[in-house]
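**Q** Dumping the structure here so I can ask a few things about it.
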Amino acid sequence: MERECMEFDVVIVGAGPAGLACAIHLTQLATQNDTELSVCVIEKGAEVGAHILSGAVFETRALDELIPDWQSLNAPVHNPVLQDDFIYLTTQYNHLNIPSFLTPATLHNNKSNHIISLGLLCQWLADQAERLGVEIFPGFAAQHVIYSNTGAVVGVCTSDMGLDKKGEHKSTFEAGIELKGKYTIFAEGARGHLGKELIQRFKLDQNKQPQHYALGFKEVWQLPDEQPHYAKGKVIHGVGWPLHDSKATGGSFVYHLDNNQIAVGLIVDLNYTNPHLSPFDEFQRFKHHPAIAKYLHGGERISFGARAIAKGGLRSLPKQQFPGGLLIGCDAGTLNMGKIKGTHTAMKSGMLSAEAVYQQLAKGCAHNEADYQTLFEASWLYQELSDTQNFGANLHRFGEPIGGMLNMFEQNVWTRLFKRPTPWAVSDTNDDYLQLAHKANVPNISYPKPDGVLSFDKPSSVYLSGTQHEENQPCHLQLLDVNVVIDSHIPQFDEPSQRYCPAGVYEIIEVEGHKQLQINASNCLHCKTCDIKDPSANIKWTPPEGGGGPNYQAM
283 MERECMEFDV VIVGAGPAGL ACAIHLTQLA TQNDTELSVC VIEKGAEVGA HILSGAVFET
343 RALDELIPDW QSLNAPVHNP VLQDDFIYLT TQYNHLNIPS FLTPATLHNN KSNHIISLGL
403 LCQWLADQAE RLGVEIFPGF AAQHVIYSNT GAVVGVCTSD MGLDKKGEHK STFEAGIELK
463 GKYTIFAEGA RGHLGKELIQ RFKLDQNKQP QHYALGFKEV WQLPDEQPHY AKGKVIHGVG
523 WPLHDSKATG GSFVYHLDNN QIAVGLIVDL NYTNPHLSPF DEFQRFKHHP AIAKYLHGGE
583 RISFGARAIA KGGLRSLPKQ QFPGGLLIGC DAGTLNMGKI KGTHTAMKSG MLSAEAVYQQ
643 LAKGCAHNEA DYQTLFEASW LYQELSDTQN FGANLHRFGE PIGGMLNMFE QNVWTRLFKR
703 PTPWAVSDTN DDYLQLAHKA NVPNISYPKP DGVLSFDKPS SVYLSGTQHE ENQPCHLQLL
763 DVNVVIDSHI PQFDEPSQRY CPAGVYEIIE VEGHKQLQIN ASNCLHCKTC DIKDPSANIK
823 WTPPEGGGGP NYQAM
C-alpha cells in the first residue's frame, strides 16, 4: 500500500510531559545555536491531555530549568502544598497518623511542590511548544516502528483509519501516514506498545530486573462550599487497609485541589498474588474508610480514570538509547517511586534526550545511537533514582511495615549521614504477571455492592472517563491463544481479567453451554493492565483508531 510520507528532523511519539519537554528543549537548543529543526509530536488522544492521568503532586525542578518564567506565562501550577500528612489505615475503621520523622524524607512535601492537573499542564506545554514551531498532531496513534535496512529506527507509521471489525476497508478508509525522522523519540507513557517492542528488539533490558507496575485509580470530587474538611493545598498519603487484608501492597492519596475539589485515589501494586482481588473494588471499598469518607461527604464524583504506573526504578530502567531513537519518561520507567512523583523526572528525561539528539544533529549525524546515557548519569535525575533504587523492592520483598521502616532508615538516616546511595542492593526479580496463586490456595474476596454515594460500579465509572471508541473497527486487544483462557486461566485463576481490568472489558459468558471470554473493547481505558498482569502474557494491547479511548478533563 502506498502511504503518504512526511519527513522531520525529529519525530516524537506521545504528547505527555516527557515528549513535550523534549520538543520544547530541542527547539530551544536550535534557537540558541541559530539553526532550524523540524520537530513533530503525535498523540493518540483526541486532544493533548485526553489520555493523561496523574495524582498529581508536582515538583517544579525540571520546569524551572525548561521554562524559567513559567509563572509569568500562566502555567497551571498555582496550588502549593500547605499541609502534608501520612496515615496508616490499620483496619477498615481505624488509622494512625504517622509523624514526619517516621516518614521517608523523600515523601515530604512543602509549598515548593504543587497539586496540579497533569492534563492541564500538558496542554499548556503543548501551547509553548507550538509557539516555538513544533507541529503537534493529536488523534494519530503510532501503529508500528519503521526500520532501515541496517535495523535502525527511522520513524513510525500511524494506524489506518476506517477499517471494520474484519479489517476490511470502510467508505471512510484512510491509510496511515509514514512519519520519518533522523531521530525518533518514544514517550508513550507506561507500558507503551512500541516501547515494549523496542526493548525486546534491541535487548534494552538485558541484565536488568523486570519492570514492575501498579494500577492507579483517580477520582475528582466536587464538594459543596460548606464542606468542613476541605482545605486547599492539603496532601494526604496513606498505606494499609484495604490492601493489606489481601496481602497486597500499594498506597492511597487525597489531594485538595482548587475550587472546592478533591482528588482521591488508590495505587495497587500489580505483583499481588490473589486472583480473586479486584483493584477497582478495592478502590471503591477504600473510600468508605472514615478517615477518607469525611472528605467526600456531600460531594459529587465528576471524573474517574485508571492507568498503569511503571515503578521499578533505576534497577528496572532499560537502556534508553538505540540506533535512530530513544525511549524516555514513563515509557522507560523514570518515575521516582521514593517520591511517588514522575512528572519532573519524565520532563528531565525528555530534556536530556533533546540534548543527546541535538548533539548528533549538529554533527550532521542521523539514525545512529545518540549518547543519552552519559548525560543521564551526570544529571540530577540519575542521582534521584540512585538514592531511591531500593524503595519499591523493599516494599515488595518485605511488605509495608518492615519495607516502610527500611525505606525510612535509608532515606532519613543513611542518605543524610553519608550523602550517597546505600551500598546494598535489594533485588526484585519476580515478574508481576507470574505472581498469581491458584484460586484454591488463597481466600476468596467478597466485595460489598456499591452504594451509589461513595462507591460505584464500573459502567458508571467508565462513563465519567469520557471513553469512546469507533465500534466497527478491529479489536485492539489481541488474545494470542484463545484456548489459554478455557484450558488454563479459568481452572487455575477463575479468569482474573474479569477483575484486574478496571473497566469491565473482559467477561466470561456462556454460549451454548460453553464458557468463553468476551472482550468489550469499547470500554477500554488504555490503562494497559491486561498487557501487564495476564498470567500467561496472553493479551497484547495495541492502539485502536487514533482519537479513541478516554477523554479525561483536567485529570
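Counting with our numbering, you get residues 283 to 837 for the letters of the sequence shown. By construction, the Cβ of each residue, glycine as well, lies at the ideal position given by its N, Cα and C atoms.
1. For a test of the three-state rule: what should DSSP assign to Asn694, helix, strand or coil?
2. I'd like to confirm the pairing. Which residues does DSSP put opposite Thr466 in its beta bridges?
3. For Gln750, name the three-state secondary structure that DSSP assigns.
4. Could you have a look at Arg473 and say whether DSSP puts it in helix, strand or coil?
5. Just to confirm the assignment, what range does the alpha helix (DSSP H) spanning Glu666 have?
6. Going by DSSP in three states, Thr309 sits in which element: helix, strand or coil?
7. What separation, rounded to the nearest whole angstrom, lies between the Cα atoms of Ile544 and Ser585?
8. Can you list, in chain order, the residues of its chain whose CB lies under 7 Å from that of Ala305, leaving out five sequence neighbours each side?
9. For Gly471 and Val292, which I take to be in contact (beta-carbon distance under 8 Å), what is that distance rounded to the nearest angstrom?
10. Exposed or buried, which one is Trp706 when buried takes at least 16 other CB atoms within 10 Å?
11. Given a cut-off of 8 Å on the beta-carbon distance, is the pair Arg589 and Cys809 in contact?
12. Would you grab the beta carbon distance between Met633 and Ala344 for me? Rounded to a whole angstrom, and I think it's under 8 Å.
13. What is the DSSP secondary structure of His526, counted as helix, strand or coil?
14. Across the stretch 360 to 378 and the stretch 515 to 529, are there enough close Cβ pairs to call them in contact, namely three or more that are closer than 8 Å?
15. Tell me whether Glu646 is buried or exposed, calling it buried when 16 or more other Cβ atoms sit within 10 Å of its Cβ.
16. Helix, strand or coil for Cys439? Go by DSSP, reduced to three states.
17. Grouping DSSP H, G and I as helix and E and B as strand, with all else coil, what is Leu378?
18. Looking at C-alpha atoms only, which residue of Trp823, Pro600, Val766 is the closest neighbour of Ala423?
19. For the stretch 511 to 519 and the stretch 351 to 367, state whether three or more C-beta atom pairs, one from each stretch, are separated by less than 8 Å.
20. Suppose the cutoff is 6 Å on Cβ atoms and the five residues either side in sequence are ignored; what does the same chain contact list for Ser430 look like?
21. In whole angstroms, what is the alpha-carbon distance linking Glu479 and Ala434?
22. Let's see if you can read the secondary structure: which residues bound the alpha helix (DSSP H) around Lys576?
23. Taking the C-alpha atoms as reference points, what is the distance between Ser399 and Asn391?
24. Between the C-alpha atoms of Pro358 and Phe340, what's the straight-line distance to the nearest angstrom?
25. For Ile397 versus Val517, is the C-beta spacing smaller than 8 Å?
26. Check for me: the alpha helix (DSSP H) holding Arg567 runs from which residue to which?
27. Could you compute how far the alpha carbon of Thr317 sits from the alpha carbon of Tyr640?
28. DSSP has Leu480 in a bridge; who is on the other side?
**A** To lay it out plainly:
1. helix
2. Val293, Gly607
3. strand
4. coil
5. 662 to 669
6. helix
7. 11 Å
8. Ile294, Val321, Val323, Ala411, Val416
9. About 19 Å separates the two Cβ atoms, so there is no contact after all.
10. exposed
11. yes
12. 7 Å
13. helix
14. yes
15. The residue asked about is misnamed: residue 646 is Gly in this sequence, not Glu. It counts as exposed.
16. strand
17. strand
18. Trp823
19. yes
20. Val436
21. 14 Å
22. 572 to 578
23. 17 Å
24. 11 Å
25. yes
26. 561 to 568
27. 11 Å
28. Note: Leu480 sits in no beta bridge, so no partner.
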